[in-house]
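Each remark here refers to the structure printed beneath this line.
Numbering (my numbering), first residue to last: 313 to 456.
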């Protein structure tokens, strides 16, 4: 199993700044992730929340269950030290993803407080960022 966790405002994909995030909806993203998982022989569960505490709870669940995670922390990327501390407890790979490239956007988006405790980061490839992350995790699972 792989958890694909999404932070605030990602449930509004398709209507939120389509020039930045594209026209695909959150359901399109969830379908893409589940389909990619099937091709990789993995069960993928996709979740989204606007609540920091709920997201941290999901990270704790992944830590306790040794479950790999693809995480788009969204705005929490830039300031949630609580989320960072939860990720630091990880017991399986965790790949940070972003649909857009934060380094090419506003300066406040240039710093990720979670990147230093993630296995890696993939950004700027639209929804394909998730596909790349799922492939990376599947590869890590086969080589460990």
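Think of the CB as a built atom: it goes at the ideal place given N, C-alpha and C, for glycine as much as any other residue. Owing to the predicted nature of the structure, the values given are computational and were not obtained by experimental measurement.
Item	Value
Endpoints, alpha helix (DSSP H) assigned at residue 328	Element bounds for residue 328: n/a, residue is neither H nor E.
Element boundaries [alpha helix (DSSP H), containing residue 342]	338-351
Meets three-Cβ-pair contact criterion under 8 Å: the segment 394-405 and the segment 346-356	no
Expected contact under 8 Å - CB spacing of residue 434 and residue 380 to nearest Å	Wrong, their Cβ atoms sit about 14 Å apart, outside the cutoff.
Alpha helix (DSSP H) segment containing residue 440, residue limits	440-455
Which of helix, strand or coil DSSP assigns to residue 419	helix
Residue 389 burial status per 10 Å Cβ neighbour count (16 or more: buried)	buried
Outcome for residue 428 when other beta-carbon atoms lying within 10 angstroms are tallied against a minimum of 16	exposed
Span of the alpha helix (DSSP H), counted from its first residue to its last, around residue 365	364-377
Runs of alpha helix (DSSP H) lying entirely within the segment 378-403, each at least 4 residues, in chain order	393-399
Distance, residue 316 Cα to residue 343 Cα	12 Å
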